[in-house]
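Read the structure below first, then the notes.
Residue numbers (this note's numbering): 155 to 636.
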């Protein structure tokens with residue numbers, strides 16, 4: 155990517171890309187007579203703003219006024235893509251929105267969502283969180299030259315839009331043959347739809363607005379920001395339609411719950427609830443269990459902000475070691491259009507974090523974070539804390555070692571790039587330079603989530619994939635190979 159090209163960049167150090175979040179989806183339906191007051195485009199904007207952590211490459215909103223669908227999307231953060239003048243042109247009573255991190259298909263404008271298709275029956279705008287694992291098989295159903303983008307979402311949109319009997323009938327036929335993770339929010343000119351894969355890998359919730367309006371969002375935090383009341387989760391294998399007749403629901407497949415355990419560790423906002431359990435409460439409880447599993451004598455517990463904060467609170471509480479702030483985060487890193495120069499890259503982690511020398515000098519520290527992927531960030535943090543005068547640095551991680559890639563909507567590194575895929579815990583400790591290293595065990599993490607082990611996807615931790623993935627269906631750029 156050339157310097158100063160106006161595209162959003164999170165790459166401070168391209169060799170140390172963290173696990174990239176899935177995507178955020180949002181949809182809203184209000185009665186047509188409430189459209190001018192409700193301003194669904196602005197509701198969607200704020201819903202996406204609350205879901206921004208799930209995807210930062212591109213953003214888009216589609217709106218229907220009952221007779222036509224208008225789509226606006228671009229590369230960048232929600233607040234960079236939309237302004238007041240754009241939102242004022244998106245008028246209607248139904249909207250769907252999306253913030254994207256790419257898991258299938260390159261980060262380009264063509265691959266931004268919502269995807270849109272027109273047919274003789276009308277238009278269809280679709281948003282997708284997750285990743286399909288039989289994309290080539292589904293694409294083979296389409297005529298050559300039909301696809302205009304290189305995403306699994308484009309394939310699904312084309313299949314649903316070209317069905318002659320409308321989106322509901324199309325979904326009944328297409329979704330049972332669709333494998334992988336998909337939380338979908340889509341619409342035609344008159345109806346808002348939502349669907350979730352039979353395993354329910356990615357979250358999706360339903361909320362109610364005043365004046366008979368409805369909202370669908372990836373997380374309950376997306377409901378809170380627009381004042382919607384949480385109603386329930388969209389169930390695995392469920393298809394929902396919302397229009398003037400209310401909410402209609404049917405099953406297109408039997409539920410086989412396998413919710414993503416990594417949502418509790420990293421992806422979801424702490425103020426979100428999943429399966430009736432607060433993510434914040436889960437992360438604090440993980441910290442308590444981490445302290446019991448990996449105790450150490452130390453003077454202060456500090457988090458890697460903000461990813462390690464809830465678990466660090468729990469660790470301090472259970473261990474009796476005082477909690478403190480030892481690292482300050484630059485809130486604007488990852489929000490820049492300009493790629494850092496080589497000189498700045500050499501400073502590495504200091505673009506993101508800086509130590510509070512007077513707080514940590516001479517102290518034995520417990521540093522709590524949520525995960526280790528390649529190890530470069532932890533290595534830099536340990537070195538930085540030692541340079542600032544820390545006497546000892548003990549690293550505690552509130553997830554088990556991430557040893558396997560994800561094919562269901564998180565763009566992890568390959569197994570060869572994952573430090574835990576190649577080194578033992580002691581080998582990782584030596585690599586990052588810590589005095590000691592402890593990971594929460596998988597059993598303790600699962601117990602903290604209060605969800606049964608057989609109802610969770612744990613593949614990135616144990617290599618057990620609940621939906622088998624063919625080798626030919628793996629890879630971010632599988633539709634771009636010529």
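Backbone N, C-alpha and C define an ideal beta-carbon position, used for all residues, glycine too.
For clarity, every value in this text was computed on a predicted model and none was experimentally measured.
Query, Result
"With distance defined between alpha-carbon atoms, name the residue in 299, 338, 270 and 275 nearest to residue 286.", "338"
"Where do the N-terminal and C-terminal ends of the beta strand (DSSP E) with residue 592 fall, by residue?", "590 to 593"
"Determine whether the beta carbon atoms of residue 112 and residue 509 lie at a separation below 8 Å.", "A query on residue 112 cannot be resolved here, the shown segment of the chain reaching from 155 to 636 and no further."
"Alpha carbon to alpha carbon, how far is residue 457 from residue 445? Give it in angstroms, no decimals.", "13 Å"
"Let me confirm a value: residue 618 is counted as buried when at least 16 other C-beta atoms fall within 10 Å, else exposed. Which label applies?", "exposed"
"To the nearest angstrom, how far is it from the Cα of residue 387 to the Cα of residue 459?", "30 Å"
"With DSSP run on the structure shown, which of helix, strand or coil describes residue 617?", "coil"
"Please classify residue 372 as buried or exposed, where buried requires at least 16 neighbouring CB atoms within 10 angstroms.", "buried"
"On the criterion of 16 or more Cβ atoms from any shown chain inside 10 Å, does residue 568 qualify as buried, or is it exposed?", "exposed"
"Short check: CB of residue 422 to CB of residue 441, under 8 Å?", "no"
"Taking residue 418 as part of the beta strand (DSSP E), name the residues at either end of that continuous run.", "Per DSSP, residue 418 belongs to no beta strand (DSSP E) and is neither H nor E."
"Can you give the Cα-Cα distance for residue 178 and residue 266, rounded to whole angstroms?", "12 Å"
"For residue 244, which three-state DSSP category applies?", "coil"
"Should residue 327 and residue 277 be called a contact, given that it needs their Cβ atoms to be closer than 8 Å?", "no"
"Suppose you measure from the CA of residue 180 to the CA of residue 585; what does that come to, to the nearest Å?", "41 Å"
"Throw me the rounded Cβ distance for the residue 551 and residue 615 pair, which I believe falls under 8 Å.", "About 12 Å; that fails the 8 Å criterion."
"Of all the options 289, 274, 529 and 346, which has the alpha carbon lying nearest to the alpha carbon of residue 145?", "Residue coverage of the chain in this structure runs from 155 to 636, which leaves residue 145 outside it and unanswerable."
"Tell me which residues share the same chain as residue 582 and place their Cβ nearer than 7 Å to its Cβ, disregarding the 5 neighbours each side in the sequence.", "526, 529, 573, 574 and 591"
"Can we say the segment 464 to 482 touches the segment 502 to 521, given the rule of at least three CB pairs closer than 8 Å?", "yes"
"Answer yes if the segment 403 to 415 comes into contact with the segment 603 to 615, meaning at least three C-beta pairs across the two stretches below 8 Å, and no otherwise.", "yes"
"At which residues does the beta strand (DSSP E) containing residue 405 begin and terminate?", "400 to 405"
"Alpha carbons only, please: which of 511, 424 and 297 is nearest the one belonging to residue 374?", "424"
"Three or more beta-carbon pairs under 8 Å between the segment 311 to 327 and the segment 392 to 399, yes or no?", "yes"
"Report the residue from 428, 559, 539 and 247 whose alpha carbon sits nearest the alpha carbon of residue 354.", "428"
"Would you mind reading off the limits of the alpha helix (DSSP H) that contains residue 197?", "194 to 204"
"Spatial neighbours of residue 307 within its chain, please: CB distance less than 7 Å, with the 5 preceding and 5 following residues excluded, ordered by chain position.", "267, 269, 280 and 282"
"The beta strand (DSSP E) that contains residue 509, what's its start and end?", "507 to 509"
"Which residue's Cα is closest to the Cα of residue 450: 463, 432, 473 and 433?", "473"
"Give me the residue from 513, 514 and 503 with the minimum Cα distance to residue 532.", "503"
"What are the partner residues of residue 216, as DSSP defines its beta bridges?", "225 and 250"
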